[in-house]
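Let me begin by presenting the structure, written as structure tokens, before commenting on it.
Protein chains in written order, with the working numbering: chain L, 12 to 267; chain U, 27 to 362.
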């Protein structure tokens, strides 16, 4: 098989195993929709001050939950799944076969990007049906898709990179959550930061990729201004993630 | 399990020989490897020929896994020459990967794929794979073809490991402790599968700490202890077992004294044991003496050193020394 066919075939096997694993399917599908329903129930009928406009709370959460879905599938799932594969010896076995490493990484990233796209469609449809969310079209849609692809790939790369500092599979969920949960809150994914957040919180948003990624999704669903700087910051994190993953990725469980 | 004649029908390309019969598939000289100051391998030499089932036999921590993982390309060596199928695994690992099959000591597969899907997936990684269903039959997993991996027993998972290692149609197969932790019937099953492989003409390098496993499966055995090869040979000749002198053991009668040279001070169990230079003559004299004196030689036995005796004396902390009993217990502690 040539590289493209092998990667495509590998995506199919990753996909099969993915949807048969109850935990993965739950976190990917149920999690974002569940949060969407919970948040909109709590804050129903209120509005969020978004820039100069006020946006219905339910509508506001659609891009947030899209971002959450992408981050869950790409960053959380890859970091945890790869750590489990490493601890159970799957990665060492794969490393003993002639499958190119690029195929291994490429297939997992491609799969996560495709699942992300599916989840975006489901969340958007859900938001449209129940919460009057705008469905982007034309240039707005294209820009959002660029951000989606860049963000999904970047969060995958960061998922691979973070797996190398996770010592064992048992530690993977706590470590991933300790990293991602505070950043989700500080980036305004769960609760809007309002118009006057503390300066340090703004800096957290500026430095880490989640706030930028969220802005890209909000531009798509809420019609706020789209900034290519956001895409660049997310892409820069992705490149850094790739480099770290290439340098430090481990194929074998920690000895001892 | 599938009858092996099926493989002659041309469906499978069959393993490509590494060279003329008798040429070396594995050639290792002076291999050394340390982990953070501890020398795991201290100068190992190995020669494995085409079509041979070769067992590296030794207790836990002797350096078996380190040695094979260097040959497989997983570890870098500190010193020595290594050639596997004519390739240096330390320098051209990628070139080697499609020509070898590896069953690691502990290894996993994705739990949610079926047996057939798993083997088919690994088949896509190799340039000349064996047909998937043929491999499933070779390892006797026909009944579990569509079962998910998480539903397999330990023995069945091990057979799946072997199937994955075989599907690339390797010239050389590595089996690192293929039956450790198995119950006796699962071991028997695994042995039958491995015996089958040998008849395919594949070269097999097997590591084990079970003497009976090496004896049953291997054409040649090297015993490794504390990072060194301490003996090498066929299971029959290992440690000069064929030349080793047999012992005569019996309980002497209470009322008569056997001829000089044919008895020794009694052991705690009431037996006497002698190691004559000429076994046949000694036996003749001893039995003749018993008949003449109309007495019996209770529990008369002629004993040749077993492979286990040889192994224990070779791998003990002081070969031929006095503390062998303690080490024997330690080394056999993990046996089922």
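Positions of the beta carbon are idealized from the N, C-alpha and C atoms, including for glycine.
All values derive from a computational prediction rather than experimental measurement.
What does a CB cutoff of less than 8 Å around residue i pick up in its chain, not counting 5 residues either side in sequence?
i	result
residue 14 (chain L)	111, 113 and 114
residue 136 (chain U)	144 and 175
residue 240 (chain U)	81, 83, 232, 234, 247, 261 and 333
residue 289 (chain U)	278, 283, 298 and 300
residue 183 (chain L)	90, 91, 94, 95, 174 and 177
residue 94 (chain U)	82, 200, 202, 231 and 233
residue 294 (chain U)	none
Starting from the beta carbon of residue i, find every residue of chain U whose beta carbon is closer than 7 Å, and list them in chain order.
i	result
residue 32 (chain L)	138
residue 99 (chain L)	134
residue 76 (chain L)	Per Cβ cutoff of 7 Å: no residues; residue 76 (chain L) is ~26 Å from chain U at best.
residue 265 (chain L)	Here the premise fails: no neighbours, minimum Cβ distance about 13 Å.
Assuming residue i and residue j are in contact, meaning their beta carbons sit under 8 Å apart, how far apart are those beta carbons, in whole angstroms?
i	j	result
residue 58 (chain U)	residue 105 (chain U)	4 Å
residue 43 (chain L)	residue 233 (chain L)	Actually they do not touch by this definition, with Cβ atoms about 17 Å apart.
residue 237 (chain U)	residue 199 (chain U)	That belief does not hold up - the Cβ atoms of residue 237 (chain U) and residue 199 (chain U) are roughly 21 Å apart, past 8 Å.
residue 181 (chain U)	residue 107 (chain U)	Actually they do not touch by this definition, with Cβ atoms about 38 Å apart.
residue 163 (chain L)	residue 132 (chain L)	With a Cβ gap of about 13 Å, residue 163 (chain L) and residue 132 (chain L) do not count as contacting.
residue 140 (chain U)	residue 172 (chain U)	5 Å
residue 76 (chain L)	residue 47 (chain L)	4 Å
residue 323 (chain U)	residue 316 (chain U)	5 Å
residue 231 (chain L)	residue 222 (chain L)	That pair is no contact at about 15 Å.
residue 39 (chain L)	residue 80 (chain L)	7 Å
Buried or exposed: which applies to residue i, given that a residue is buried once 16 or more other Cβ atoms fall within 10 Å of its Cβ?
i	result
residue 169 (chain U)	exposed
residue 17 (chain U)	No answer is possible for residue 17 (chain U): it lies beyond the span of chain U, which begins at 27 and ends at 362.
residue 62 (chain U)	exposed
residue 37 (chain L)	exposed
residue 274 (chain U)	buried
residue 271 (chain U)	exposed
residue 348 (chain U)	For residue 348 (chain U), the pLDDT reaches just 35, beneath the cut-off of 50, and the residue's location in the model is therefore unreliable, although a value from the coordinates is still provided. It is exposed - the Cβ of residue 348 (chain U) has fewer than 16 other Cβ atoms within 10 Å.
residue 359 (chain U)	Because the pLDDT of residue 359 (chain U) is 35, which lies under 50, any placement of that residue in the model is unreliable, and the question is left without a value.
residue 248 (chain L)	buried
residue 205 (chain U)	buried
residue 177 (chain L)	buried
residue 287 (chain U)	exposed
residue 266 (chain L)	exposed
residue 209 (chain L)	exposed
residue 193 (chain L)	exposed
residue 237 (chain L)	buried
residue 103 (chain L)	buried
residue 1 (chain L)	As shown, chain L starts at 12 and ends at 267. That puts residue 1 (chain L) outside it, with no answer to give.
residue 177 (chain U)	exposed
residue 320 (chain U)	exposed
residue 329 (chain U)	exposed
residue 98 (chain U)	buried
Anything in chain L within Cβ reach of residue i, meaning under 8 Å, just list it in chain order.
i	result
residue 203 (chain U)	The contacting residues do not exist; residue 203 (chain U) stays about 13 Å from chain L at best.
residue 98 (chain U)	107
residue 123 (chain U)	107, 108 and 109
Give every residue of the same chain whose Cβ lies closer than 6 Å to the Cβ of residue i, excluding the five residues on either side of it in the sequence, and list them in chain order.
i	result
residue 165 (chain U)	185, 188, 189 and 219
residue 226 (chain L)	241
residue 248 (chain U)	82, 255 and 258
residue 88 (chain U)	250 and 251
residue 253 (chain L)	168
residue 213 (chain U)	205
Which residues of chain L have a Cβ atom closer than 9 Å to the Cβ of residue i, listed in chain order?
i	result
residue 228 (chain U)	By Cβ distance, chain L contributes nothing, its closest Cβ being about 17 Å from residue 228 (chain U), past 9 Å.
Which residues of chain U have a Cβ atom closer than 8 Å to the Cβ of residue i, listed in chain order?
i	result
residue 20 (chain L)	147 and 150
residue 17 (chain L)	150 and 151
residue 12 (chain L)	150
residue 217 (chain L)	The premise fails here: residue 217 (chain L) is roughly 39 Å from chain U at the closest Cβ pair, so nothing lies under 8 Å.
Please go through the same chain and pick out, in chain order, the residues whose beta-carbon is closer than 7 Å to the beta-carbon of residue i, but skip the five residues on each side of it.
i	result
residue 91 (chain U)	131, 202 and 233
residue 106 (chain L)	262
residue 98 (chain L)	179, 180 and 264
residue 157 (chain L)	242
residue 244 (chain U)	79, 80, 81, 232 and 261
List the residues of chain U whose Cβ lies closer than 9 Å to the Cβ of residue i, in chain order.
i	result
residue 24 (chain L)	136, 139, 143, 144, 146, 147 and 150
residue 28 (chain L)	136, 137, 138, 139 and 143
residue 55 (chain L)	Within 9 Å Cβ-Cβ: nothing; residue 55 (chain L) doesn't reach chain U, min ~39 Å.
residue 261 (chain L)	Near residue 261 (chain L) there are no residues of chain U at all, since even the closest Cβ is about 12 Å away, more than 9 Å.
Taking C-beta pairs closer than 7 Å, name the residues in chain L that residue i reaches, listed in chain order.
i	result
residue 128 (chain U)	107
Using a threshold of 8 Å, is the CB atom of residue i nearer than that to any non-hydrogen atom of the ligand NAP?
i	result
residue 226 (chain U)	Summarising the ligand content, the structure contains no ligands, and the ligand NAP is consequently not present.
Complete runs of the alpha helix (DSSP H) confined to the region 53-108 of chain U [at least 4 residues]
90-98
Completely contained alpha helix (DSSP H) runs for the region 141-205 of chain U, where each covers 4 or more residues
141-149, 158-164 and 180-192
Taking only runs of the beta strand (DSSP E) that begin and end inside the region 268-307 of chain U, which ones reach a length of at least 3 residues, in chain order?
273-277 and 298-300
Entirely enclosed alpha helix (DSSP H) segments - the region 114-143 of chain U, minimum 4 residues
119-123
Please give the ranges of any alpha helix (DSSP H) in the region 206-245 of chain L, keeping only runs that are unbroken, at least 4 residues long and fully inside the region.
210-218 and 220-233
Whole runs of the beta strand (DSSP E) within the region 212-240 of chain U, excluding any shorter than 3 residues:
229-234
As an exercise, report each continuous alpha helix (DSSP H) stretch of at least 4 residues that is fully enclosed by the region 49-116 of chain L, in chain order.
68-82, 88-98 and 101-106
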